[in-house]
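Have a look at the structure below before the remarks.
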Amino acid sequence: MKSYHFSARASLDIPGSSMGIELRESETPQPGPGQVLLRIRASALNFADLTFLAGRLPNAEGLVPLLDGAGEIVALGPGVSRWRVGDRVIANPHQNWLAGEARPPSYGQVLGGTVDGMLRDHAVLPETGLAAMPSHLSFEEAAALPCAGLTAWNSILGGPPNKRPCVPGETVLVQGTGGVALFLLQFAKLAGCRAIALTSSQPKAELLRSMGADAVINYVETPDWSRPVLELAGGTGVDLVVELGGPGTLPQSIAVTRPGGRIALIGVVGGLGSIDYENLLPIITKALTVFANSMGSLADLENMSRAIEIHGLRPTLDRTFGFEQAPEAFRHFAARSHVGKVVISH
């Protein structure tokens, strides 16, 4: 079996990273009771994977990276009843979170974070950590779904972190053209919502419009983007902001959210930093609901996968790398020039 592992001995030459990845070979494991052996056919990168490289993950040395992956089941352990050999599946990043709210001890066992992830050609996983792939998707497309797709799904259509789903006619603000952002746009339109999108270039704006964005604002040309967003939202603000940027965007996100509206905190792709508490006061004065979102449960993944299949949705793939090109895939992703998901084919 071939697998990549976080290693302080390796370097990807990515600014801020304290380790790289190295390829190793070992015996292919065999499934035990309640487990399956998965032949992983594709995996995908997420922003969290870069934070792990930067040393923000305890005991990362030797761990197999990546939260996302899809493949086919090639062997069953004793007592497995959910799957058959040959089934095409995607792995839930939270392997033990089956349904309901995020609570210990089921919440916290994360692929590529606390247990070995998907950047390997085989993996033994619990049968309850997998969901069926949408049948119309390739392995590469399916691998793009779990982390980014679930985060977007539970922000728009509502698992337990989101107290209620969006309803038709509401307005959603989407930031950027990364994997999560494009899923957000797809799910917002699926929910019958109006979508305002922020981006940095004309080609990206054209993509967002082609995917259904009702309005697009270039935040490079208009750094004070909260003004046009408020105008587009009738002066009162949007119903939901899905906040991806971090300290550089959160104050404006708060400003454009209507009284009684919602902000989903799901990322800090703009980097870490501090925020003046004065900028947070409108959360109180406007009675905003602010909630965090970290992917979802197996039930959420199954619901999302069914919706994607029924509506024929496809993720946007930026670029697909071969398994031996995994270091190059990390460098490409770290450059943050991608649009959609960066995928590794196994």
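My numbering numbers the first residue of the sequence shown as -19 and each following residue consecutively. We put the beta carbon where it would ideally sit given N, CA and C, even for glycine. The structure presented is a predicted model; accordingly, all values stated were derived computationally and were not measured.
With H, G and I counted as helix, E and B as strand and the rest as coil, what does DSSP make of residue i?
i, result
"Y199", "coil"
"T94", "coil"
"R(-11)", "coil"
"Q15", "strand"
"H381", "In the structure as shown, the chain begins at -19 and stops at 326. Residue 381 is therefore absent and cannot be evaluated."
"P126", "helix"
"K184", "helix"
"R174", "strand"
"Q10", "coil"
"Y257", "helix"
"T265", "helix"
"R21", "strand"
"L3", "strand"
"H74", "strand"
"R299", "strand"
"I136", "helix"
"R100", "strand"
"T179", "strand"
"I(-6)", "coil"
"S233", "helix"
"S274", "coil"
"S61", "coil"
"S190", "helix"
Would residue i and residue j qualify as a contact pair, given that the criterion is a beta-carbon distance under 9 Å?
i, j, result
"G247", "E282", "no"
"G138", "C146", "yes"
"T269", "I290", "no"
"L33", "P73", "no"
"S(-9)", "G0", "yes"
"L187", "V319", "yes"
"T237", "K266", "yes"
"L110", "R62", "yes"
"F27", "G158", "yes"
"Q166", "G149", "no"
"G35", "S86", "no"
"L91", "A314", "no"
"I(-6)", "R189", "no"
"V65", "E107", "no"
Could you give the first and the last residue of the continuous beta strand (DSSP E) run that contains residue i?
i, result
"G241", "T237 to L245"
"A71", "R68 to A71"
"T108", "Counting along the chain, T108 falls outside any beta strand (DSSP E), and DSSP gives it neither H nor E."
"L56", "D48 to L56"
"Q305", "Run containing Q305: none; DSSP gives neither H nor E here."
"Q155", "T151 to Q155"
"D219", "V218 to E223"
Can you give the beta carbon distance from residue i to residue j, rounded, assuming they're within the 8 Å contact cut?
i, j, result
"L329", "S(-17)", "As shown, the chain starts at -19 and ends at 326. That puts residue 329 outside it, with no answer to give."
"S(-13)", "E2", "4 Å"
"V154", "A161", "5 Å"
"L212", "W77", "Not really, about 37 Å apart at Cβ, beyond 8 Å."
"G57", "P13", "5 Å"
Would you mind reading off the limits of the alpha helix (DSSP H) that contains residue i?
i, result
"F119", "F119 to A123"
"L212", "S206 to L212"
"H291", "L278 to H291"
"Q166", "G159 to L170"
"A28", "F27 to L33"
Who are the Cβ neighbours of residue i in its own chain at under 7 Å, not counting the five residues just before and after it?
i, result
"L130", "M275, G276, D280, L281 and M284"
"T8", "M(-19) and H102"
"G241", "G217, V218, D219, L220 and L268"
"H(-15)", "I1, E2, R4, G42, L43 and V44"
"E121", "R294, P295 and L297"
"K116", "The sequence as given places His at residue 116; Lys does not occur at that position. Contacts found: E289 and G292."
"A309", "L25, F301, V322 and I324"
"L210", "G217 and V236"
"A206", "According to the sequence as given, residue 206 is Ser; it is not Ala. The residues are Q232, A235 and V236."
By Cβ distance below 8 Å, which residues in the same chain neighbour residue i in space, the five residues on each side in sequence not counted?
i, result
"L105", "Q15, V16, L18, A71 and Q75"
"A272", "P141, A244, L245 and I246"
"D67", "E52, I53 and A112"
"F303", "K(-18), D101, I324, S325 and H326"
"L20", "A small fix is needed here, since residue 20 is Ile in this sequence, not Leu. The residues are G49, A50, G51, M98, R100, D101, H102, A103 and H326."
"I327", "Since the first residue of the chain shown is -19 and the last is 326, residue 327 is not available in this structure."
"T202", "P208"
Within the same chain, show all residues whose beta-carbon is closer than 6 Å to that of residue i, passing over the 5 residues directly before and after it, in chain order.
i, result
"A55", "P11 and L17"
"A168", "I136, V152 and A175"
"A287", "none"
"A185", "T179 and V196"
"P114", "S285, I288 and E289"
"N259", "P231"
"A79", "S277 and A279"
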